[in-house]
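The structure under discussion appears below in the form of C-alpha cells.
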Ligand code: GLN
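In the working numbering, the protein residues as written are 38 to 600.
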C-alpha cells in the first residue's frame, strides 16, 4: 500500500517548501524507501513554460519534455524519484482536463463543479503516482494556506485521506516562526493562525516544520504543539542554513523528522545512510581551491532564473573541493562597460540559455573575450548560439551574422529555425523539448568529460545551428563535437587552440546532482582551477602575469558556495 505525504505551507510564501519536500524525500530514500515526488501548483497557466523567469524563476525541463516548476529541480537533485509529466500539475492543467471532459460529454449532463469534479480530477492526479513500485508519494501543494487559488487543492487532499485511509496519509505543514528584534523573541502566533486556517478546512496537520532564524526553545515548541493540537515531538525546527541548502536534510534528521514520519505511517525501515551527504558537506566546508565563475545572462540579478546552473556549478565545486564565487553578471553591463572591466578577474565564463534580444550583444562580447583571452568558456543553449554568432562574425568574418530570432534579415543566419518550427504559432510546449541523444566525437573535450560515445541530455529551444555554415566554420577552427544521431543537428561545439571552450545546444544543468556533478560542469570547473593554478605558478616563478591571466581577486568577498 503506497503511503502519501502532503506538504503545505503557511504564514508567508517562499518558505522553501520545495527544498523541505525534497529533503523529506531524500531521507526516506536513504532509509531504503521508494519515493515519488509531485508538485501541485495553484496558478492558472497550464505549465510554467510561458512564464517570465522574473515571475517564476527557471523553467525546469524533464526527460519527457514537460516544462515544470523549478521545485522539481530540487526533487531531482535530492532524490532518485522518477519524474514525468505526472509530477507537476497546475490549476490550468486540471481545469483544462475537466473542461475537455465536459465538452466530450463525460459528465452525462451534470452541473460541473469545483467539488466534486475539480477535486476528483486533483485526487486522480495524486492517485496516479501510487503503484506497487512506490512506498511513499510526496505531494507538495504550491502557494500558501489561505490563498483563494489553493482551496480546491487543499480540499482534494483533505478528501484524499477518506479514500486512501487516514493511516496511509500524513499532513506536513511548513510555517514560519519569525524572530521579532524589538521584542527580542520568537513569535508563534502566525503559526497558530496558519494551522487554525488549515483546521477550518478540515485538515489537522500531523507534523509542523517551523522555519526559523533562531533555535526554538522547549517552551515555544510546547506552546506551538498545544495550540496547534499536535504532540511536542511533531514540532520540528528547520533553522535557516546560511552555509548550504544541502545541510537541510541532515538537520531534519537531527530533529527526528524521518523517524517520526516512518512511525506515523507505520513504515518499517533501516536507519538512514547519510554518509555521502555528510561527505559533501565536509567537502564544502574544507575547500582546497577558491575560484570565481562569471555567469553572464539577461536575468543575472534574479536568483532563481538560472537556479539549476548555479546549483550545477556548486556540484562541480563539491566534486573538485573548490569554493566557487559565482559572479551574477548582467549581459547589458558587459555591453555598457566592456568585457575587460567586468570579466578580468574570473577564472571561467558561462553563458546560460535565454530568449529575446535584450543583452545578446553583451553575451557575444563576453564570448569573444573568453575566446581571445583563452578563459575557460561554457555556453548553454542560447550560450552556444551566441558562440556561433561570435565565431561567425569575428573569425569567419561573416558580417552581421546573427540568429534569425534577433534579426530576421541578417545576411548570415548562422542560427535559424528548422522548417518544422516555422509552422508553429502557439507558444506553450512547442519547442524542441526533452531528452535527445547526441553522438560525441573522438578526442573531443566533450567525450573526455562524459567518457561515453553517446549522451542523452534535455533540450528546450526553437533555433538551431544552420548547417549551410558548417564547413566554413570547420575550416576556421570550430569543431562540431556532438551531433544528433542522424548528424543533422549540432549539439556541441568546441574550438581548436583554446584550453577549454565548449558550448552545447542542450541544458546539462538539469542532470546534475550534489553527489554526482554533471560531467561538463565538472570539466569546466576543472579547467578554471587549472587556469588559476597556472597563472599562480607563473606569478610565483617571478613571471609577470600577462593581461591574459586572471587578476588577483583575493580581496573580493567569496560568496557562500550554495544559495
Ligand atoms: N532562444 C533560443 C531558442 O529558442 C535559445 C533557447 C534557450 O536558451 N533555452 O532556440
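Where a beta carbon is used, it is the ideal one built from N, C-alpha and C, also for glycine. Since we're looking at a predicted model, the values are computed, not measured.
Here residue 487 has 477, 556, 557 as same chain residues with Cβ atoms under 8 Å from its own Cβ, once five neighbours each way along the sequence are excluded. In the DSSP assignment, residue 415 forms a beta bridge with 387, 539. Under the three-pair Cβ rule at 8 Å, the region 527-540 does not count as touching the region 433-450.
Apart from sequence neighbours up to five positions away, the residues of its chain that approach residue 77 with a beta-carbon distance below 6 Å are 126, 178, 190, ordered along the chain. Every unbroken stretch of the beta strand (DSSP E) spanning 3 or more residues and falling wholly within the region 331-373 is given here in chain order: 359-367. Nearest neighbour of residue 230 by Cα position, chosen from 259, 183, 269, turns out to be 183. In the DSSP assignment, residue 459 falls within the unbroken alpha helix (DSSP H) covering 456-459.
DSSP places residue 515 within a strand segment (E or B) once states are collapsed to three. One alpha carbon belongs to residue 169, the other to residue 152, and they sit about 29 Å apart.
Of all alpha-carbon atoms in 391, 388, 499, 52, the one lying nearest the alpha-carbon of residue 212 is that of 52.
For residue 395, the CB stays at least 7 Å from every heavy atom of ligand 1. If you check the C-beta of residue 439 against ligand 1, you find no heavy atom less than 7 Å away. As summarised for the region 85-152, the continuous alpha helix (DSSP H) elements at least 4 residues long and confined to that stretch are 90-93, 108-115, 128-140, given in chain order. Note that the C-beta distance between residue 298 and residue 65 is below 8 Å. For residue 193 and residue 205, the gap between their C-alpha atoms comes out near 15 Å. In the DSSP assignment, residue 444 falls outside any alpha helix (DSSP H) and carries neither an H nor an E. With a threshold of 7 Å, the Cβ atom of residue 390 counts as near ligand 1, since some heavy atom of the ligand is closer than that.
In the pairwise beta carbon analysis, the region 517-524 is classified as not touching the region 275-288: fewer than three pairs are separated by under 8 Å.
Residue pairing from DSSP places residue 493 in a beta bridge opposite 474. DSSP lists 498 as the bridge partner or partners of residue 469.
Taking the Cβ of residue 442 as the reference point, at least one heavy atom of ligand 1 falls within a distance shorter than 7 Å. The beta strand (DSSP E) runs lying completely inside the region 154-178 and spanning 3 residues or more are 173-178, given in chain order. Between the alpha carbons of residue 364 and residue 329 lies a gap of roughly 7 Å.
For the set 174, 146, 121, 196, the Cα lying nearest the Cα of residue 158 is the one of 196. Nearest in C-alpha terms to residue 453, of all of 92, 542, 219, 317, is 542. In this structure, the C-beta of residue 498 approaches ligand 1 to less than 7 Å from one of its heavy atoms. Only residues of its own chain outside the window of five on either side were considered, and among them 320, 324, 325 have a CB closer than 6 Å to the CB of residue 358, listed in chain order.
The nearest non-hydrogen atom of ligand 1 is less than 7 Å from the C-beta of residue 419. Residue 46 is bridged by DSSP to 211. For residue 216, the beta-bridge partners assigned by DSSP are 223. Rounded to whole angstroms, the Cβ separation of residue 214 and residue 248 is 7 Å, and the two are in contact under 8 Å. Within 7 Å of the C-beta of residue 422 there is at least one heavy atom belonging to ligand 1. Residue 449 is bridged by DSSP to 438. Under the three-state reduction of DSSP output, residue 248 falls in the strand class.
When beta bridges are read from the DSSP output, residue 520 appears opposite 476, 527. By the 16-neighbour rule on beta-carbons within 10 angstroms, residue 103 is buried.
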